[in-house]
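Visitor: Heads up, our numbering is the position in the sequence shown plus 232, with the first residue counted as 1.
Note that beta-carbon positions come from the ideal geometry of N, C-alpha and C, so glycine has one too.
Let me begin by handing over the structure; questions about it come next.
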Amino acid sequence: MRCRPFPLSVPRPSKRTALPSQGRRSIRTGVAMANEPMENEQGTALAAIDAAIRIIPDFPQPGILFRDITPLLADPKAFALAQALLLERARSFSPDAIVAVEARGFLFGAPLALDLAVPLVPVRKPGKLPADTHSVDYGLEYGTDRLEIHSDALARGARVLLVDDLLATGGTVRAAADLVERLGADVVGALFLIELTGLGGAERLAEAHIGVSALLRC
233 MRCRPFPLSV PRPSKRTALP SQGRRSIRTG VAMANEPMEN EQGTALAAID
283 AAIRIIPDFP QPGILFRDIT PLLADPKAFA LAQALLLERA RSFSPDAIVA
333 VEARGFLFGA PLALDLAVPL VPVRKPGKLP ADTHSVDYGL EYGTDRLEIH
383 SDALARGARV LLVDDLLATG GTVRAAADLV ERLGADVVGA LFLIELTGLG
433 GAERLAEAHI GVSALLRC
């Protein structure tokens, strides 16, 4: 099952991301299109990106269709297309900093931070950051996990864009948002290569008033 291109994605409602009324209506009706028709060039690019993502059935457990992005990373043309479209989305949030979630979020967040000329801030698993940190525990299907961020990583009031490769249940990104807010910064949105629909991730972030943008929806 391939993914659906999600061109010119409209962020979901946020306290800090105002939407035109037409954008809000399209979200409520579940239409996966923005206010403008999809241009052929962008549609071709999104199709190429989707084709470069390998689907592995029953990994890491039976019944799961795993989206493997390593072929995309190994294809310079497809990777560049993905990064260019992510940059277009990132600019729409006008971030002061990119917060990338370990580990695949680093792959997309680092180039975005360079292109936008803003700081890159990593959110990592426990014991990976050497200086003073803030941490947050979050629930998994079985047990809990923890994320950490350097205590001095963000200025108070900074506009932060969260970046990861994939949105599923939203637990990891929601935890990253909690860390950002503990430092006094503002989460203006979350950007993904892929959004897995039907798992509640986008709805979970919407409850926290975090706008979501993704290139592909599966």
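Label L372 either buried or exposed according to how many other C-beta atoms from any shown protein chain fall within 10 Å of its C-beta, with 16 as the threshold for buried.
Guide: L372 should be labelled exposed.
Visitor: Under DSSP, the beta strand (DSSP E) around Q334 begins and ends at which residues?
Guide: Looking at the sequence provided, one finds Glu at residue 334 rather than Gln. Looking at the DSSP string, E334 is not in any beta strand (DSSP E), and its letter there is neither H nor E.
Visitor: Distance check for D300 and E334, CA to CA, integer angstroms please.
Guide: 16 angstroms
Visitor: Could you tell me if C450 is buried or exposed, where buried requires 16 or more neighbouring beta carbons within 10 angstroms of its beta carbon?
Guide: buried
Visitor: Whose CA, out of G421, V420, A329, lies closest to the CA of P354?
Guide: Nearest to P354 by alpha-carbon distance, out of G421, V420, A329, is A329.
Visitor: Could you spell out the range, first to last residue, of the beta strand (DSSP E) harbouring D377?
Guide: Run containing D377: 376-382, per the beta strand (DSSP E) assignment.
Visitor: Helix, strand or coil for F291, going by three-state DSSP, please let me know.
Guide: coil
Visitor: Taking 6 angstroms as the limit between beta carbons, can you name the residues of its chain near M265, skipping five residues before and five after?
Guide: With a pLDDT of 37 at M265, under the threshold of 50, the modelled position of that residue is not reliable, and the figure given next carries that caveat. Closer than 6 angstroms at the Cβ level, and outside the excluded window around M265, lies no residue.
Visitor: With H, G and I counted as helix, E and B as strand and the rest as coil, what does DSSP make of I281?
Guide: In the structure shown, I281 sits in a helix (DSSP, three-state: H, G or I).
Visitor: In three-state terms, what does DSSP make of L425?
Guide: Three-state DSSP puts L425 in a strand.
Visitor: Indicate whether the contact test is met: 3 or more Cβ pairs, each with one atom in the stretch 338-358 and one in the stretch 312-325, closer than 8 angstroms.
Guide: Result yes; three or more Cβ-Cβ pairs closer than 8 angstroms.
Visitor: Three or more beta-carbon pairs under 8 angstroms between the stretch 375-384 and the stretch 416-427, yes or no?
Guide: no
Visitor: Under 9 angstroms, Cβ to Cβ, is there at least one residue of chain C near I381?
Guide: Among the protein chains of the structure shown there is no chain C, as only one such chain exists.
Visitor: Using the Cβ count rule (16 or more neighbours within 10 Å means buried), how would you classify T404?
Guide: buried
Visitor: Quick check on the DSSP output: the alpha helix (DSSP H) that includes S326 runs from which residue to which?
Guide: Neither: S326 is in no alpha helix (DSSP H) and is coded neither H nor E.
Visitor: Taking DSSP's pairing of strands, which residues face F340 in a bridge?
Guide: In DSSP, F340 forms no bridge with anything.
Visitor: Write down the C-beta distance between L425 and L447 rounded to the nearest angstrom, noting that I regard them as a contact closer than 8 angstroms.
Guide: Indeed, because the Cβ distance is near 6 angstroms, the residues count as touching under 8 angstroms.
Visitor: Taking the alpha carbon of I281 as the reference point, which residue from D290, A310, G275, I296 has its own alpha carbon closest?
Guide: Of D290, A310, G275, I296, the residue nearest in Cα terms is A310.
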